[in-house]
Structure formats: C-alpha cells, structure tokens
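Residue numbers for the sequence shown follow my numbering, so the first one is 4 and each next one is one higher. Glycine residues also receive a C-beta, built at the ideal position from the N, C-alpha and C atoms.
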Amino acid sequence: MTRSWGELSGRALHLVLGDEELLVERAVAAILRSVRERAGSDDVSVSRVRAGDVDAYELAELLSPSLFADERVVVLEAAGDAGKDAANVIAATAADIPSGTALVVVHSGGGRAKALAGQLRDLGAVVHPCARITKASERAEFVRGEFRSLDVRVDDDTVTALLEAVGSDVRELASACSQLVADTGGHVDAAAVRRYHSGKAEVKGFDIADKAVAGDVAGAAEALRWAMMRGEPHVVLADALAEAVHTIARLGRSPVTRTGWPRSWACRPGGCRKPNARPGGGRAAAWPRR
4 MTRSWGELSG
14 RALHLVLGDE
24 ELLVERAVAA
34 ILRSVRERAG
44 SDDVSVSRVR
54 AGDVDAYELA
64 ELLSPSLFAD
74 ERVVVLEAAG
84 DAGKDAANVI
94 AATAADIPSG
104 TALVVVHSGG
114 GRAKALAGQL
124 RDLGAVVHPC
134 ARITKASERA
144 EFVRGEFRSL
154 DVRVDDDTVT
164 ALLEAVGSDV
174 RELASACSQL
184 VADTGGHVDA
194 AAVRRYHSGK
204 AEVKGFDIAD
214 KAVAGDVAGA
224 AEALRWAMMR
234 GEPHVVLADA
244 LAEAVHTIAR
254 LGRSPVTRTG
264 WPRSWACRPG
274 GCRKPNARPG
284 GGRAAAWPRR
C-alpha cells in the first residue's frame with residue numbers, strides 16, 4: 004500500500020505487519036524518510052531495539068521528549084516474539100506517544116505477542132502490510148508493482164518470462180526488475196527478459212573471467228552484475244579472474260607455447276591441460292575452473 008509523505012509524517016504510531024523481509028525494510032525506510040522530511044533534516048535520532056529486550060523504563064527513556072524539540076524515531080523489532088510483560092509495556096506506551104516522536108513496531112503477525120498487533124491497530128496505528136509473498140499471483144503482482152514504481156509498463160508475457168527466469172525470491176525479482184530497466188532504457192518486454200536472462204541464472208566466476216581476459220569488457224561487466232545480483236561470493240569471482248590471468252602467464256612462459264602452444268595444450272571450458280596428460284597426472288596436468 005502506497006502512502007503519501009504527508010500521511011506518514013503526520014502520524015506517531017506505525018505498525019509494520021508481516022515477515023517479508025524486503026517489504027519490511029522498505030516500509031521502515033519509508034517511515035524514516037517521512038520523518039526526516041518533516042524535520043527538514045537528515046539528522047534525526049533513530050533507535051532500534053528488539054521489542055522483547057526493552058522494559059518500561061528503557062522504553063520511556065527512548066520516547067521521552069527532547070529538550071531541543073528534536074524529531075526522533077524508535078523502531079521496535081520482532082514485536083511478535085516479545086513476552087507478555089514487554090507487550091503490555093509497548094501497548095501502554097503506544098497509547099501516549101510524546102510529540103515529535105514516531106514509534107515503529109515491526110510485527111510478524113504471529114508469535115507469542117500476536118494480540119499486540121490488534122491492540123496497535125485499535126490505537127490507530129498506520130498499518131504497513133508486509134505479508135510474505137507465497138502465491139504465484141502475488142509474485143506476479145509484485146513484479147508489476149516493481150516496474151510501475153520505475154515508470155515502466157509491462158504485459159503479462161513479460162511478467163511470466165521474468166518469473167520463469169528468476170524464480171520466486173522476492174529480493175532477486177526486485178533486483179532483476181531494476182537491472183532490466185537500467186540495461187534496456189525502460190524498454191522491457193518478454194524478448195528483453197529472455198535475452199538478458201538467457202544463461203544468466205548460472206553465471207559463474209569463470210564465465211566472467213573468460214570474457215575479461217578475451218577483452219570483452221562489456222560482456223564481462225554485464226556477467227559480473229548478474230553474478231553479484233544472484234549472490235555469487237566476491238572472493239570466488241576474484242579468484243576465478245586471478246586464475247585465468249595465471250593460466251595465461253604460465254602458458255606464456257612455456258618454451259613450447261612460443262612455437263605454437265595450440266598443438267601442445269588444450270584450452271577448453273573447464274581449464275587448460277596437456278592433451279597427452281593422463282588424468283590425475285599432477286598439478287600441471289589440469290587447472291580446474293571455479
């Protein structure tokens with residue numbers, strides 16, 4: 004649900020309800036932006052604590068009015084896991100929030116303190132729905148919403164193609180939408196999705212290294228972006244590139260290569276080796292790829 008800055012900034016109590024991590028992060032970030040806009044400054048005090056770890060005294064101190072009338076935000080995380088005493092403290096405090104203070108309660112919707120969410124609703128909290136996205140129809144609507152937020156309209160075929168290419172992870176879907184818009188200049192259709200995602204799902208370090216040492220800078224940069232988007236460890240990417248350069252250096256130093264290394268060495272996907280080398284014939288026989 005999209006809310007205006009004015010609606011967000013004028014309210015003191017917020018309930019971020021659900022356990023879809025990306026949506027929770029975005030909701031909290033939107034609230035912080037709205038408070039900073041109201042304050043006219045980025046210098047706003049933000050305190051983050053686990054709801055179950057705070058007692059009445061600590062919460063009162065966090066929410067106490069500032070002598071200098073500064074804006075402040077208190078974010079209570081994992082409120083669904085709070086014990087009975089902590090939940091009672093939060094509910095009582097939420098009923099009387101000092102001026103200039105925003106209380107943000109992040110609640111999964113379940114847990115030991117499930118009833119707390121209903122209490123906060125009854126107190127007039129602004130509710131930010133962040134329920135986990137599990138159904139195919141919900142993922143499709145999420146993708147459409149991501150493109151709309153980037154001022155791009157897509158048809159059903161494009162949405163289907165992206166879901167088939169990327170999968171069900173919401174964070175990866177969001178990254179893919181952003182990357183596609185950036186790489187296509189906003190001209191996103193099913194063909195563009197297939198073109199940009201063909202083979203990208205399993206991009207590995209050696210794919211990037213091959214393009215880099217071959218001089219394909221644009222191709223290497225594009226493959227690197229996709230690998231990083233899908234969470235390929237940075238150390239693996241760096242190691243693959245170092246290995247590719249090391250392979251070239253070793254071949255370049257070999258006397259055989261100066262007279263025609265293609266006849267004595269084979270470089271294929273998977274590494275470089277001597278064609279006549281027996282399997283397991285030592286370190287020089289094969290240089291495996293990562």
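Counterpart residues of residue i in DSSP-defined beta bridges
i      : result
SER48  : ARG75
PRO80  : In the sequence on display, residue 80 carries Glu and not Pro. ARG53.
ALA105 : VAL76
HIS110 : LEU20
Range of the contiguous alpha helix (DSSP H) that encloses residue i
i      : result
VAL162 : 159 to 169
ALA194 : 193 to 200
VAL173 : 173 to 187
LEU119 : 117 to 125
ILE211 : 208 to 216
ASP88  : 87 to 97
GLU235 : Looking at the DSSP string, GLU235 is not in any alpha helix (DSSP H), and its letter there is neither H nor E.
Sequence-distant residues of the same chain with beta carbon closer than 6 Å to residue i, five excluded per side
i      : result
ALA30  : VAL19, HIS131, CYS133
ARG75  : SER48, THR104
ALA85  : ALA54, GLY55, ALA116
ASP160 : ALA193
HIS200 : ALA168
ASN212 : Correcting the residue type first, residue 212 is Ala in the shown sequence and not Asn. Excluding residues within five positions, the ones whose Cβ falls inside 6 Å are ALA243, LEU244, ALA247.
VAL157 : PHE150, VAL191
Buried or exposed by the 16-neighbour rule on C-beta atoms within 10 Å, applied to residue i
i      : result
VAL238 : exposed
ARG198 : exposed
LYS87  : exposed
LYS138 : exposed
GLY21  : buried
VAL248 : exposed
GLU144 : exposed
GLU23  : buried
GLY127 : exposed
VAL220 : exposed
ALA185 : exposed
ALA223 : buried
ALA98  : exposed
ARG37  : Per the sequence shown, residue 37 should be read as Ser rather than Arg. Buried: at least 16 other Cβ atoms inside 10 Å.
GLY218 : exposed
ARG174 : exposed
Neighbourhood of residue i by C-beta distance below 8 Å, restricted to the same chain and skipping five residues each side
i      : result
ASP45  : ARG39
GLY189 : LEU153, ASP154, VAL155
VAL52  : GLU61, LEU65, VAL77, VAL78, LEU79, GLU80
SER50  : LEU65, ARG75, VAL76, VAL77, VAL78
SER181 : GLU149, LEU153
Sequence-distant residues of its chain with Cβ nearer than 7 Å to residue i (five each side left out)
i      : result
ILE251 : VAL216
GLY284 : Low confidence applies here, because GLY284 scores a pLDDT of 42, under 50, leaving its location unreliable and the question unanswered by this model.
ALA15  : ILE100, THR104, ALA105, LEU106
ALA301 : In the structure as shown, the chain begins at 4 and stops at 293. Residue 301 is therefore absent and cannot be evaluated.
ALA226 : VAL206, ASP210, ILE211, LYS214
THR187 : ALA195
GLY114 : GLY83, ASP84
Unbroken beta strand (DSSP E) run spanning residue i, endpoints
i      : result
LEU153 : Here LEU153 belongs to no beta strand (DSSP E), and DSSP marks it neither H nor E.
PRO132 : 129 to 132
HIS17  : 16 to 20
C-beta neighbour in chain C for residue i, strict 7 Å
i      : result
VAL238 : Any reference to chain C falls outside this structure, which holds one protein chain only.
Given 8 Å as the limit, is there contact between the stretch 144 to 156 and the stretch 110 to 124, that is, 3 or more CB pairs closer than that?
no
Measuring CB atoms only, is the stretch 51 to 64 touching the stretch 159 to 178, in the sense that at least three cross pairs come out at less than 8 Å?
no
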